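Have a look at the structure below before the remarks.
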Amino acid sequence: MIDINFLRAEPEKVRDLLKIKNYDLKIDLFRDIDSERKTLQVLVEDLKGQKNNLSKEFGELKKNNQDTSELSNQLKEIKKRLEEKEDSLNTILSGLRDFLLDIPNIPHKDVEPGSSEEDNKVIRTFGDIQKKDSIDHLDISSDIDIESAVKIAGSRFAVLNNDIAKLHRALISFMLDIAEKNGYEERYVPYIANSKSLVGTGQLPKFEDDLFKVSDDLYLIPTAEVPLTNLFADSLLEKDSLPAKVTSHTPCFRSEAGSYGKDTRGLIRQHQFEKVEIVQVVHPEKSDEALEDLLSNAEEVLQLLELPYQVVQLCGGDLGFSSSKTYDIEVWLPSQNKYREISSCSNFTDFQSRRSKIRLNDDGHKVHPHTLNGSALAVGRTLIALIENLYDEKELILIPKPLQKYLNKEVIKVK
RNA sequence: GGAGAGUUGGCUGAGUGGUCGAAAGCGCCUCCCUGCUAAGGAGGUAUACGGGUAACUGUAUCGAGGGUUCGAAUCCCUCACUCUCCGCCA
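Taking our numbering, I'd label the letters of the first sequence as residues 6 to 420.
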């Protein structure tokens, strides 16, 4: 949620800043709602004040055994008006809330305009692209079993067998250990979250269609960002507890509504996938450097695995709803002959902390700290990248040295 | 699933219909005293949202939501959560 006071003070500025994100802020609508809110709020609070005062008088009269009938009538009158006006106020307030919850985060000053992925800027690359046009992971290993998954749950799921399942599991431990080495505390968290948490991190109310709903108010998490960030919800953090750095491995569940026909083959886009997420909560002045730090933590995983990748900075049009600045890490996939997203590292500034009521005691001033997160990394896509990049074209996948001890193997035989 | 107890400010914890935004303690801040990493004394110290240039001031908040009442932290109902016991269970 953006700061309503900023919006009140400089609506044109906010509107212009959001244009870069292709969001059309309705300033006039906001002004109308907010001024009606103000009128009604002043009126309602005044009526309540009158009611409180008269009730006190009423008590006095009662105590002295005096006649209360006149006061009683006045009170009835006020209560009637109050009820009406309060209803109107509540309607306005919930409208205002909906309006505010719909507004995306303001992009960072570094963010450049652009309408889509095409306009993202490559920041750096790592490693050499060794192979092109090779066969894809499904053709390399028959231990990725899509058909069985279809039988169990339908499309966009997978069953992994034997060494591929173990490699998948090894990657998770490997990534968690790197995160721990980099100062993130490990957490085991719920894989289901309530709507309040999802509103806090920004998935709701706008993107309900992307989620799997399991009951009235509960959803499968689309990312560990939700539980990890909400660990801090409704709390007042002390300055010396920052930066707070946490990590978790979780499955992630995404309905992938609207992506029909996209990435239908293989593990690239699944309803369920594993991810190791890293989250930081930092002092507002430290989030720029924290994002670079977090990004480097994610890159480290790919470097150790010797997988070629590039880092891109997202342009305004490609930036997520809650993010002010995002770097994507894209790993090279030989079968697709291109780089594909394997991590997304974002600075959410105070957007999430305002929604989740995360506060920081900054020398007596209560401020909203900044939250950041990134994948380090998406496990399924890392698995694909490993298989495709490290397949020796014979029947072996060559396991990178740092990963070997997690697997107790130097190579995996395939087919 | 059954029975009971609870949920109060940054923390601990009192408060069973108005004088309660709420005792007391802890913590924190300011000052005083003390020449020494201590002790003591005085005062201050919730949050959110409004109105006002400001001093200041209004409203709301005692788990959440409803109800009773002129008036609710306090009474009633529903729900959530915590704890204890029983049952069940990985």
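Each residue gets a CB set at the ideal place from its N, CA and C atoms; glycine is no exception.
It should be emphasised that the depicted structure is a prediction, and the values quoted were computed from it without experimental measurement.
- Per DSSP, reduced to three states, the secondary structure at A383 is strand.
- With a 10 Å radius around the Cβ and a threshold of 16 neighbouring Cβ atoms, T269 comes out exposed.
- S328 counts as buried, since no fewer than 16 other beta carbons sit within 10 angstroms of its beta carbon.
- If you draw a straight line from the Cα of F179 to the Cα of Y411, it comes to about 7 angstroms.
- Residue V336 holds the alpha-carbon nearest to the alpha-carbon of Y314 among G322, V336, Q308.
- When the alpha-carbon of Y332 is set against those of V306, L296, P339, T354, the nearest one is in L296.
- E346 sits away from V284, with the two beta carbons spaced by 8 angstroms or more.
- Of all alpha-carbon atoms in I128, Q46, S40, R13, the one lying nearest the alpha-carbon of L30 is that of R13.
- Sorting E415, P248, K56 by C-alpha distance to the C-alpha of P374 places P248 at the top.
- Between I111 and L22, the C-beta spacing is below 8 angstroms.
- For F353, the closest alpha carbon among the candidates P227, S40, G379 is that of G379.
- Shown here for I9: same chain residues with a beta carbon closer than 7 angstroms to its own, the five before and five after excluded, namely L105 in chain order.
- Assignment of K114 by DSSP, reduced to helix, strand and coil, places it in the coil class.
- Straight across, the Cα-Cα distance linking L312 with A390 is about 7 angstroms.
- Short of 8 angstroms from the beta carbon of L242, and not among the five residues preceding or following it, lie these beta carbons of its own chain, in chain order: A249, V286, I363, R364, L365, N366, P374.
- By alpha-carbon distance to K90, the top candidate from G159, K53, I32, Y396 is K53.
- Between D293 and N125, the gap from beta carbon to beta carbon reaches 8 angstroms or more.
- In the pairwise beta carbon analysis, the segment 36-44 is classified as not touching the segment 109-123: fewer than three pairs are separated by under 8 angstroms.
- Counting the other Cβ atoms within 10 Å of the Cβ of E282 gives 16 or more, which makes it buried.
- In this structure, the alpha-carbon of E117 lies about 28 angstroms from that of E213.
- In chain order, T73 place their CB closer than 7 angstroms to the CB of K67, counting only its own chain and leaving out the 5 sequence neighbours on each side.
- Here the C-alpha atom of A303 lies approximately 59 angstroms from the C-alpha atom of Q55.
- Taking 8 angstroms as the cut-off, the Cβ atoms of F278 and V384 count as close.
- Membership of T96 in any beta strand (DSSP E) is not indicated; the residue belongs instead to the alpha helix (DSSP H) covering 74-106.
- With a cutoff of 8 angstroms on beta-carbon distance, P232 and Q208 are scored as not near each other.
- Of the candidates D222, H142, L181, L98, H142 places its Cα closest to the Cα of I273.
- Counting only residues of its own chain and dropping the five nearest sequence neighbours on each side, V306 has a CB closer than 6 angstroms to the CB of M180, I183, A381, L382.
- Secondary structure of P109 (DSSP, three-state): coil.
- Judged by DSSP secondary structure, R345 falls within the beta strand (DSSP E) whose first and last residues are 343-352.
- Beta bridge pairing from DSSP links K211 with no other residue.
- Membership of S329 in any alpha helix (DSSP H) is not indicated, and neither H nor E is assigned to it by DSSP.
- In the structure shown, the three-state DSSP call for A390 is helix.
- Between the C-alpha atoms of K211 and I177 there is a straight-line separation of about 31 angstroms.
- For S178, the secondary structure class from DSSP, reduced to helix, strand or coil, is helix.
- When only Cα atoms are considered, A262 and D245 end up about 42 angstroms apart.
- V316 is positioned such that its CB atom lies no closer than 8 angstroms to that of I145.
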